[in-house]
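Converting from the sequence shown to this note's numbering requires adding 213 to each position, the first position being numbered 1.
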Amino acid sequence: MGCPVDKDLMKLVSIEVTNLEKNLEAIKKFNADEAKRIGEALQDAIHEIAKFEKRIADIESRLEEELQAQSEKNKEFSSAIEDISNNINIIEERQDTNEQSISLLEERQNEVESAVASLKDGESNLTSKVEVLELEQTQLDSRLKKLEEGKLDAVVDANILQLPSRNHCFCGRERELKAIATQLKDTKRGCSESAIYGLGGVGKTSLAVEFLWRQKDKEEYSGGIFWISGENNNLFQLSVSEMARQVGTFDDKDFPNSLSRTLDWLRKREQLWCLVVDNLDELEMSTDMRKLLTGHWKQAARGHIIITTRREATEIGEEMGIEESSCIELKCFTEEEGVQFLKTRGGTAGEDNDFRELVGELGGLPLALDQAAAYIRSLRQPIKEYLKKYRKQKMLLSKKKKARNLVENTSPERLAVHTTWSLNFEYVMQMSEEMDLGETPSIVMKMSAYLGPDDIPYQVINEGLHVVGTSGQGVSDLWDAAETVSLLTKFSLFQRYGTDSFSVHRLVQDVIRSEIEKDKIEVRILCCAVHAFNHALTKTRSPAEVCQSFVEDAVFSVENPPSLQLWGKLASHSTCLQEHLLSYLAKRENDVESLRTLLYTDATVRIFNEAAIFFSISQEKVKAQAMQKKKLELLYHLSAFGIVNDLQIVGLGPHTYLNCAKFCQINNAKCYFENIVFPRGNVALICRGNNGAVHLNQCEISGGETSCEDFPECNGGPGCVAPSSGKPARDQTGSFGHSMSGIAGFPGVDTSHESSGLIENCVIHRCGGGGALVCGKGSRLLVKNCEVHKNHQSGLEAREGGELEAIGNKIFDNGNHGILIWKLAGKCDLNDNKIFENAKEGILVVDTKEKITLRNNSIHHNRPFGISLDHDNSQVLISNNEIFENGFWGILAKGRTSAFIVGNKLTGNKCGGIFIGFNYSGRVHLERNTVRDHSGPWLEYQFKNGGATIDDSLSEVREADALGFMLPEGEMHLYSKPPILKENKLFNNEEGLYHPRELVERLSNGCTYCHRQRDKTMRFLKCPGCHIASYCSKECRRSHRPTHETLCFALKSRYAVDVDCTPLAKQGFTSHVFGSHLVGIGEGPTPEPNREFIVKIQTKHLNSHPLQMMRLYDQSVTTDCLIQSPEIFNVIMDCGVLGALNKFTSKKCFFWAMFTEPGGKLTIYLDHLAPYQKW
214 MGCPVDKDLM KLVSIEVTNL EKNLEAIKKF NADEAKRIGE ALQDAIHEIA KFEKRIADIE
274 SRLEEELQAQ SEKNKEFSSA IEDISNNINI IEERQDTNEQ SISLLEERQN EVESAVASLK
334 DGESNLTSKV EVLELEQTQL DSRLKKLEEG KLDAVVDANI LQLPSRNHCF CGRERELKAI
394 ATQLKDTKRG CSESAIYGLG GVGKTSLAVE FLWRQKDKEE YSGGIFWISG ENNNLFQLSV
454 SEMARQVGTF DDKDFPNSLS RTLDWLRKRE QLWCLVVDNL DELEMSTDMR KLLTGHWKQA
514 ARGHIIITTR REATEIGEEM GIEESSCIEL KCFTEEEGVQ FLKTRGGTAG EDNDFRELVG
574 ELGGLPLALD QAAAYIRSLR QPIKEYLKKY RKQKMLLSKK KKARNLVENT SPERLAVHTT
634 WSLNFEYVMQ MSEEMDLGET PSIVMKMSAY LGPDDIPYQV INEGLHVVGT SGQGVSDLWD
694 AAETVSLLTK FSLFQRYGTD SFSVHRLVQD VIRSEIEKDK IEVRILCCAV HAFNHALTKT
754 RSPAEVCQSF VEDAVFSVEN PPSLQLWGKL ASHSTCLQEH LLSYLAKREN DVESLRTLLY
814 TDATVRIFNE AAIFFSISQE KVKAQAMQKK KLELLYHLSA FGIVNDLQIV GLGPHTYLNC
874 AKFCQINNAK CYFENIVFPR GNVALICRGN NGAVHLNQCE ISGGETSCED FPECNGGPGC
934 VAPSSGKPAR DQTGSFGHSM SGIAGFPGVD TSHESSGLIE NCVIHRCGGG GALVCGKGSR
994 LLVKNCEVHK NHQSGLEARE GGELEAIGNK IFDNGNHGIL IWKLAGKCDL NDNKIFENAK
1054 EGILVVDTKE KITLRNNSIH HNRPFGISLD HDNSQVLISN NEIFENGFWG ILAKGRTSAF
1114 IVGNKLTGNK CGGIFIGFNY SGRVHLERNT VRDHSGPWLE YQFKNGGATI DDSLSEVREA
1174 DALGFMLPEG EMHLYSKPPI LKENKLFNNE EGLYHPRELV ERLSNGCTYC HRQRDKTMRF
1234 LKCPGCHIAS YCSKECRRSH RPTHETLCFA LKSRYAVDVD CTPLAKQGFT SHVFGSHLVG
1294 IGEGPTPEPN REFIVKIQTK HLNSHPLQMM RLYDQSVTTD CLIQSPEIFN VIMDCGVLGA
1354 LNKFTSKKCF FWAMFTEPGG KLTIYLDHLA PYQKW
């Protein structure tokens, strides 16, 4: 261009040209790569086309093969069609052949019909011949029957007398003989029956023999006299068979047939006969015996039946249907009859006074008199000499000669005093086991041998019988006096003496004492007698107490002055008991152990004291002074007990008593006790000091200053200790279950002030207050494998820093809680315990900061809650427990409690499974628990439905606090955090009314009481009443009886109870304002007399006492009152529903009811519930 080129410009141009060259090369290279990729793609397409062509070729080849195969099949079908055509031709040919065969068959059928007609003609001929044979057989049977009747008529006409030899020494009994003759009047229809009953050896058989001989002399029984033994089934069969042989009805192969024929023979006999069943004393009569005694054959017979038995009159009526008016009680000889008999039978002379003395010594018992007379006759000895020997030797002399045997097949044991009652002793043991009465009847029988023979009051049958301590299996809680006396009098071993006393023959006492000496159990029986009498005396007013109740001339103004009748009976028997105590002391004066166990006790001192007072009142001053002197000697040995050095005390015998009347304290020392009894009346055994330690092994602990007998439900009365301490007695009538009543006692064992205690294999029962207490920081107590029961307060208690560990114990029937942990107790661990039937919670934990562990325990049948956690419990672990059948909820938690509840089984608690009240910041964690079979919710907690469920009716502070209304320290308002739920298993927790049968059947798969599951190796026992409830042991059946009894009656029949209606005003109630949720209240019809109507009955909040006053009203509210009935309470708690407002502890039920008369008692029907009502 003519312009100069800049060097820098040229350089720039060069650079651009170079870049263009590089770009051109890159484009060429890219085009080459692209071309290559396109070529490769075309090559792949060619390969795919080749594959597709090959695939098409394969398809064509397969089609050709299939076409060829189809062609072959078509050929086969053509061949088959040809074969079918040929077969059709063959079938047509065969059809022609069949038609020919049918023609031949028709011809043959005609021939068969001809043959059948011939056979019918022959059959007619045979029938005629059979009828002729039957007629001939009937004629033969008739001839045979006439021959048999002729034989029977020959036997009937015979005069059969199975009559024992006559007792020519028989005397007296004229009144009884006339009574039998009066009862056994001749009858035109049915049998007349009479029963002679009484003590063994009283002469029942002799009386029957004498009566029959007198009737024989009068030729009264032309139809015969027959004698059968009822002593046992073998002798019964033997004597009946002998009778059958004589009357011609014997069957040597079939005894029941022989008996039936014999009874039928008696039924047809026209002449008057008499049948005696002697010694009918078998405990369980056989079917054959019952057939003879109660069979319908007697209705058309004409005869007399006399029975001799040891059974009492009521038992005879129950088992044999003989009216009590036809039963004659045979008693011992009067003094005149006894003297006459001895003179006739003994064949010796003597002074009448000597005879009278011997009759008195032998109690007028005919068997004993017969033995004595036989001995006197054999030695030809004067009566005075025998009397001297008898007073020295007694039972030994009675064994030397047996009474005379008048009746065939009488067992030898019945012919001697020392063996005749052995059958009764066996029955007492056997029936005690069957009636679940434990050792009580046997102990009462043996104890009575050391008392006076007459007028023994029922009050001696009490818990004192077992204070000595027997094996757990033998001890019975059922000292029901009526049942025990009924058993002892059932076979006349004992006799009833008035309405509330019994008596025993003095020779029965001698025999029982000889058996006791043989068994070497005198100490135990005498101890039982002493403690039973001591217990009875504490329950009745003494002369001193009666005198103190009179002031100046008040004795003349009292309308119903207190009676000393019962005290007089007890004191009279105390005089007999002290004689045996002194007699035993004389024989064992060097036996130190027996002296301590038997004599050096408060109970024995009381026996001698009461005997001294009785002698003094009876004007026997010398004896009274002797008794007073002996009492003072015994008091001298009742010393106090204290330990300041290390010591071991081991009882050498089964039970060694340690009496501590003033103090019993271990201070900074170590002490070991084994096989020691700390009886009631002792002060508490106290261990103190950081070096103090007490170890009790196989001991029995019943000490501690006593509370009121019925604490915490003391209602005044003899067991109340308030008057003795200058305080007024509490009247709990109408207020049962509301609050504690009475004066508390002290525990049997007190471990405190940094000391340690170990109690193992012991029985802690009937202590004055609680059983065992650990108290104070640094104090520790381990209770292991013990029985803790019947203490007036809590079984075990820990507080104020005390640490408690309880392992493998049975804790039951205590007056308060089973275990109480409270007041900032220390660390506690409860493992593998059985806690049941306590009057309050099974376990109560209140206000604790340390860790509380409850694991592997069985907690059941406690009156309110199984476990209750209340007020600032910060570390509670509840794991793997079985919690069932408690009166309210299985577990209650409230008041800022934090608890981890895991792996527990909760079943059948009356209100529901778990209840959480107002718990504030406390958290309850529920994990892997199994909750089933509740008649209420498995879980209930506050604000569950979004709002507070506060019932305004909870006006009492106690009831409000139960839900957690009382604000804990630091809290300003009511609130509660919901529980944390994880993997809990829930079954059959349905709220609603249940029929009693439904309730019992829910638990019928296992033990109704302890919930033990069935297994193949165990045979469960059914309830003998309803036959629905089942039990794994007799102990469970006995324990469940008090609560099951009402439902059992309701299941068997129409069952009702009558109640008194108490006006609300009498109990301080104002008119009730009903809630709006009660639909139709006040609108129903007014109840009319003798017409059923529906009532609602509701229990009170937090009241588990069966005697509480319950609210009852009908829909019209015409009937609105309070009632009291334990039976109704039990049905409501078992079958009712929770109250609609707070669903806590109040339950209600609807019943059918009826007034039988205006203003009278109200009848409530319990066998079926009324439908649920909305009012």
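C-beta atoms are modelled at their ideal positions from N, C-alpha and C, and glycine is treated no differently. For clarity, every value in this text was computed on a predicted model and none was experimentally measured.
- Query: Are the beta-carbon atoms of residue 706 and residue 658 separated by less than 9 Å?
  - Reply: yes
- Task: Let me know the secondary structure DSSP gives residue 516 once reduced to three states.
- Result: When secondary structure is reduced to three states using DSSP, residue 516 falls in the strand class.
- Query: Can you tell me the Cα-Cα spacing of residue 1338 and residue 1047, whole angstroms?
  - Reply: 30 Å
- Contacts around residue 1141, its chain only, beta-carbon distance under 6 Å, and the 5 residues preceding and following it disregarded: 1115, 1116 and 1196
- Item | Closest Cα partner of residue 1149 within the set 457, 305, 1121 and 554 | 1121
- Among 1323, 536, 373 and 392, which one has its Cα closest to the Cα of residue 457? For residue 457, the nearest C-alpha among the options comes from 373.
- Message: Can you find the residues in the same chain that come closer than 7 Å, C-beta to C-beta, to residue 704, ignoring five residues on each side of it along the sequence?
- Response: 494, 523, 524, 637 and 640
- Message: Taking only three categories from DSSP, how would you classify residue 644?
- Response: Here residue 644 sits in helix by DSSP.
- Query: Just the Cα atoms here: how many angstroms apart are residue 298 and residue 305?
  - Reply: 11 Å
- Task: Mind reading off the beta-carbon distance from residue 1369 to residue 1342? Whole number of angstroms is fine, and I expect it under 8 Å.
- Result: Between residue 1342 and residue 1369 the Cβ distance is about 22 Å, and since that is not below 8 Å, they are no contact.
- For residue 1077, count neighbouring C-beta atoms within 10 Å of its own C-beta (all shown protein chains included) and say buried if the count is 16 or more, exposed if not. buried
- Item | Three-state secondary structure (DSSP) of residue 530 | helix
- Under three-state DSSP, which class holds residue 1151? coil
- For residue 1143, the first and last residue of its enclosing alpha helix (DSSP H): Here residue 1143 belongs to no alpha helix (DSSP H); instead the beta strand (DSSP E) covers 1143–1145.
- Task: Just the C-alpha distance for residue 840 and residue 575, rounded to the nearest angstrom, thanks.
- Result: 28 Å
- Task: Would you check if the distance between the CB atom of residue 1083 and the CB atom of residue 1100 is smaller than 9 Å?
- Result: no
- Task: Would you check if the distance between the CB atom of residue 1111 and the CB atom of residue 1135 is smaller than 9 Å?
- Result: yes
- Per-residue DSSP class, three states only, for residue 412: coil
- Identify the continuous beta strand (DSSP E) that holds residue 965 and give its terminal residues. 962–965
- Within 9 Å, strictly: CB atoms of residue 997 and residue 1011: no
- Grouping DSSP H, G and I as helix and E and B as strand, with all else coil, what is residue 634? Note: residue 634 maps to coil in three-state DSSP.
- Please say whether residue 1252 and residue 1050 have beta carbons closer to each other than 9 Å? yes
- Message: Just to confirm my understanding: we take residue 919, look at its own chain, exclude 5 residues before and 5 after, and list those with CB closer than 6 Å. What are they?
- Response: 958 and 981
- Selection from 1357, 1302, 1375 and 1287 that minimises the alpha carbon distance to residue 1387: Per the Cα distances, 1287.
- Between the C-alpha atoms of residue 1366 and residue 962, what's the straight-line distance to the nearest angstrom? Cα to Cα, the separation comes out at about 51 Å.
- Message: Quick test of the definition: if touching needs 3 or more C-beta pairs under 8 Å, does the stretch 797–807 touch the stretch 668–675?
- Response: Taking 8 Å as the limit for Cβ pairs, the verdict is that the stretch 668–675 does not touch the stretch 797–807.
- Message: Tell me which residue opens and which closes the alpha helix (DSSP H) that residue 1041 is part of.
- Response: First-last for residue 1041: 1041–1044, but that is the beta strand (DSSP E), not the alpha helix (DSSP H).
- Message: Going by DSSP, what residue range makes up the alpha helix (DSSP H) through residue 660?
- Response: 653–660
- Message: Can you find the residues in the same chain that come closer than 7 Å, C-beta to C-beta, to residue 389, ignoring five residues on each side of it along the sequence?
- Response: 420, 541 and 543
- Item | Given residue 695 as reference, the closest of 653, 307 and 720 once Cα atoms are compared | 653
- Item | Own chain partners of residue 442 with C-beta closer than 7 Å, once the 5 adjacent residues on each side are dropped | 448, 449, 452, 491, 492 and 622
- Task: Entirely within the stretch 1022–1088 and at least 3 residues each: give me those beta strand (DSSP E) ranges in chain order.
- Result: 1023–1025, 1032–1035, 1041–1044, 1047–1049, 1056–1059, 1065–1068, 1071–1073 and 1080–1083
- Take residue 1191 as the anchor and find which of 1139, 1232 and 1336 has the nearest alpha-carbon. Taking only the C-alpha atoms, the option nearest residue 1191 is 1139.
- Message: Between which residues of its own chain and residue 945 is the CB-CB distance below 7 Å, once the five residues before and five after are set aside?
- Response: 926, 927, 928 and 954
- Terminal residues of the alpha helix (DSSP H) in which residue 737 lies: 735–751
- Message: I need the DSSP call for residue 670, collapsed to helix, strand or coil.
- Response: strand
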